[in-house]
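Under the numbering used here, read the sequence shown as residues 12 to 104, first letter to last. Built from N, CA and C at the ideal position, the CB exists for glycine as well. One structure below.
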Amino acid sequence: MIRSELLQVLAKEHPALRAEDVDRAVDTFFEEIADALASGGRAELRGCGAFSTRQRDARKGRNPRTGEAVDVPEKRVPYFKPGKDMRTRLNMN
């Protein structure tokens, strides 16, 4: 599902809201998650999962075009751990 599809579903399920309000709510939702991760915290959505960050160490990479070795600095990357309810739902047969 892409963002525009999410907006359509939410607008359909909540006809009392204007499209701009739905758009603003989705923006706020994702901004708050990003802000929590940027400040070193985590965002947990019960029944869905938890967003957090993980540290990646510095390493030697390779430029795919030239094959030349490149230094890749350490960095934090986003990580999502699905909750038990989501894992159960995904594995239902």
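Given that a residue counts as buried once 16 or more other Cβ atoms are within 10 Å of its Cβ, and exposed if not, what is residue i?
i     : result
Val33 : buried
Mind checking whether residue i and residue j have CB atoms under 8 Å apart?
i     : j     : result
Val88 : Arg73 : no
Met97 : Gly60 : yes
Val37 : Leu56 : no
For the alpha helix (DSSP H) that residue i lies in, which residues bound it at each end?
i     : result
Ala36 : Ala30 to Ala49
Arg98 : Lys95 to Leu101
Ala69 : Looking at the DSSP string, Ala69 is not in any alpha helix (DSSP H), and its letter there is neither H nor E.
Could you give the first and the last residue of the continuous beta strand (DSSP E) run that contains residue i?
i     : result
Asp82 : Ala80 to Val83
Short of 6 Å in beta carbon distance, which residues of its chain neighbour residue i, apart from the five on each side in sequence? Order them along the chain.
i     : result
Lys71 : Ala80
Keeping to the same chain, check which residues put their C-beta closer than 8 Å to that of residue i; ignore five residues upstream and five downstream.
i     : result
Ala5  : Residue 5 is absent from the model: the chain starts at 12 and stops at 104.
Glu85 : Gln66, Arg67, Asp68 and Ala69
Tyr90 : Phe62, Ser63, Thr64 and Arg65
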